[in-house]
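Single-structure report; data block below.
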Amino acid sequence: MAPQTPFIPWPTRVVVDFENSTVVVHTPDGEQRLPMSTAEAFDAVADAYLRCGWDTKYVYSFTWMGRPVIQLPDDLLRLQEVIYAVQPDVIVETGVAHGGSLVFYASLCQAIGRGRVIGVDIEIRPHNRAAIEAHEMFPLITLVEGSSVSPDTVDAVRSQISPGERVLVFLDSNHTHDHVLAELNAYGPLVTVGSYIVAMDGIMRHLPGAPRSKPDWAENNPAAAAALFASTHPEFILVEPPLPFNEGMVTRRVTYSPAAFLQRLR
């Protein structure tokens, strides 16, 4: 498994030249003209896709089994690869929203015949709670309402996990650096050896100046919290999960959650 790659700034400009089958990438260091048949060209176009998708709220257009799932489709596929590899008994997700991610994880648990899901949110709106509780996947879902970093909430989650169960955690609630770091400290001890705690939405570090962004996002983001946590917790390592299948040239994930996966080593 490869260590986490360093932060790579996005290009300042990407020009797709279909006539010449090239992608022209402008960075502060100059201009590159890349053949479309290269992984580097794909990475540049993917960065443009991610930024344009953010600006147009692309992720707000998908459902999973009837529930809105505010996730990039590329990320959903990569997350199911991780879930299938880890085979968790319990998946904890902070941040419930419409419940689509909970339903997605629960449907994977049902498909592999193992696991259940705990969803945590400071406020589960009544209409979302009603829809989740009426869903056919709800028998595999437990809802915990309260601040994800409150000791009472963490204790409520911990009480749902039996000794020896394999635990995987996704952090997708408040994405400020301090809150994610507090969640990492709170839920990291629940993660079992070989499994992960995942700090979602590190894309924020690329987005200052974009719609719905804040000027401090370059530093105030989940990826920065994950890096700090890894540097102070030697039992975890910041890694890229291996691709279980890849006959192509592209190795970088197309993701809203770069530098996100913290694997427990011991």
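In this text, residue positions in the sequence shown follow the working numbering: the first is 218, and each later residue adds one. For each residue, glycine too, the CB sits at the ideal point set by N, CA and C.
Which class does residue i belong to by DSSP, given the choice of helix, strand or coil?
i                 : result
tyrosine 473      : coil
leucine 319       : helix
threonine 449     : helix
alanine 314       : coil
isoleucine 529    : Not covered by the structure: residue 529. The range shown for the chain is 218 to 483.
glutamine 288     : coil
arginine 346      : helix
valine 397        : helix
glycine 370       : It should be noted that the sequence gives threonine, not glycine, for residue 370. It is helical.
histidine 392     : coil
glutamate 361     : For the record, residue 361 in the displayed sequence is valine; it is not glutamate. If DSSP states are grouped into helix, strand and coil, valine 361 belongs with the strands.
glutamate 257     : helix
aspartate 234     : strand
arginine 481      : strand
isoleucine 308    : strand
glutamine 297     : helix
valine 241        : strand
arginine 429      : coil
glycine 247       : strand
leucine 455       : strand
phenylalanine 387 : strand
isoleucine 414    : strand
proline 252       : strand
tryptophan 227    : coil
Can you have a look at residue i and say buried or exposed, based on whether 16 or more other CB atoms are within 10 angstroms of its CB?
i              : result
isoleucine 300 : buried
isoleucine 463 : Note that residue 463 corresponds to asparagine in the displayed sequence, not to isoleucine. Per the 10 Å Cβ criterion, exposed.
histidine 396  : buried
glycine 283    : exposed
aspartate 246  : exposed
glycine 330    : exposed
tyrosine 277   : exposed
glutamate 236  : exposed
List the whole-angstrom C-beta distance separating residue i from residue j, where the pair is believed to meet the contact cut-off of C-beta under 8 Å.
i              : j           : result
glycine 332    : proline 305 : 5 Å
threonine 244  : proline 228 : 5 Å
isoleucine 287 : glycine 317 : 7 Å
alanine 256    : valine 384  : Going by Cβ atoms, the distance from alanine 256 to valine 384 rounds to 34 Å, so no, they are not a contact pair.
With distances taken from CA atoms, which of the options is nearest residue i?
i                 : options                           : result
histidine 394     : Thr468, Arg375, Ile414 and Ala435 : Ala435
glutamine 480     : Ala256, Val303, Pro226 and Leu294 : Val303
valine 386        : Val467, Leu296 and Asn438         : Leu296
leucine 398       : Glu236, Arg268, Arg483 and Ala447 : Ala447
arginine 483      : Ala263, Pro461 and His450         : His450
valine 415        : Asn402, Ser430, His423 and Thr273 : Asn402
serine 412        : Ile308, Ser318, Ser376 and Val241 : Ile308
phenylalanine 321 : Leu289, His344 and Ala347         : Leu289
phenylalanine 224 : Asn437, Pro285, Met466 and His423 : His423
aspartate 291     : Leu319, Ile341 and Tyr266         : Tyr266
Next on the checklist: Across the region 436–445 and the region 325–344, are there enough close Cβ pairs to call them in contact, namely three or more that are closer than 8 Å?
Outcome noted: The region 436–445 and the region 325–344 do not touch, with fewer than 3 CB-CB distances between them shorter than 8 Å.
Item to check | Segment contact, 8 Å Cβ cut-off, at least three pairs: the region 399–414 with the region 248–261 | outcome: Under the Cβ criterion (8 Å, minimum of three pairs), the region 399–414 does not count as touching the region 248–261.
Checklist entry - So, do the region 456–474 and the region 415–422 have three or more beta carbon pairs nearer to each other than 8 Å? => result Touching, yes.
Checklist entry - Below 8 Å, can you find three or more Cβ-Cβ pairs linking the region 446–457 to the region 350–370? => result Verdict: no, contact absent.
Checklist entry - Can at least three beta-carbon pairs, one atom from the region 267–274 and one from the region 366–382, be found at a separation below 8 Å? => result The region 267–274, when compared against the region 366–382, does not touch it at the 8 Å Cβ threshold.
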